[in-house]
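J.: End of the sequence shown = 131 in the numbering used here, gap-free, step of one. Glycine included, each C-beta is placed from N, C-alpha and C at the ideal position. Here the structure is a predicted model, which means the values were calculated and not measured.
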Amino acid sequence: MINNTHKILIIDDDPDIRILVKKILSHHYENLEFTDNTHSALELLENTKYDCIVLDIQLNEDNGATILSYRDEKNLETPIVVMSQYLTDIFMESYKSKFSGFVPKPFKGQKLLDAVHAAITGTN
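(1) Please check the pair Asp63 and Asp23, which I expect to be a contact at CB under 8 Å, by giving their CB distance rounded to whole angstroms.
(2) Are the CB atoms of Leu16 and Leu51 nearer to each other than 8 Å?
(3) Could you have a look at Glu37 and say whether DSSP puts it in helix, strand or coil?
(4) Counting only runs that start and end within the region 17-97, where is the beta strand (DSSP E) found for 3 or more residues in a row?
(5) When you compare each of Ile127, Thr42, Val123, Thr128 to Leu32 by their alpha carbons, which one comes out closest?
(6) The beta strand (DSSP E) with Gly108 in it runs from where to where?
(7) Measure the beta-carbon distance from Tyr93 to Gln65 and round it to whole angstroms, keeping in mind my assumption that it falls under 8 Å.
(8) Can you look up Thr128 in the DSSP assignment and give me helix, strand or coil?
(9) Ordered along the chain, which non-local residues of its own chain (more than five positions away) have a Cβ less than 8 Å from that of Lys56?
(10) Assuming Asp21 and Asn44 make a contact with CB atoms under 8 Å, what is their CB distance in whole Å?
(11) Report, in whole angstroms, the separation of the C-beta atoms of Ser91 and Pro111, which I expect to be a contact under 8 Å.
(12) Can the beta-carbon of Leu120 be found closer than 8 Å to that of His35?
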């Protein structure tokens, strides 16, 4: 059953990952928006309320941590699920409390789906 009430923003610079995430999430969520950089993500966040953000922390020219900081500055309660292939221990220690879930790349579809569902429902 597709949920058409939850709006999810996906931020990832890899077009193949965006296609994969769309394929996984579109079976369960209808309102998906995609962007490949933090600049356009910040514009979207200024104008739209999302129920969840799925964020690649290591973007080509950007740093996904900008989104974590923005959410804190604006006092937004939007849960963030971080996706990444490489995260340092220092990053995890510094930012782990700022995101609702972590999905290591490469990932299985069910792991991503479970993390997004847990973030939206608050059942981490």
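T.: On the basis of the supplied data:
(1) For a cut-off of 8 Å, the C-beta gap from Asp63 to Asp23 is around 12 Å, too long to register as a contact.
(2) Yes.
(3) Here Glu37 sits in strand by DSSP.
(4) Correct list: 36-42, 59-63, 87-91.
(5) Leu32 has its Cα closest to that of Val123, out of Ile127, Thr42, Val123, Thr128.
(6) That run of the beta strand (DSSP E) goes 108-111.
(7) About 7 Å separates the two Cβ atoms, so the contact holds.
(8) In the three-state reduction of the DSSP assignment, Thr128 falls in the helix class, which pools H, G and I.
(9) Its chain contains Lys14, Thr85 as the residues whose beta carbon lies nearer than 8 Å to that of Lys56, once the 5 sequence neighbours on both sides are disregarded; these appear in chain order.
(10) Wrong, their Cβ atoms sit about 12 Å apart, outside the cutoff.
(11) The Cβ separation is near 7 Å, so the contact holds.
(12) Yes.
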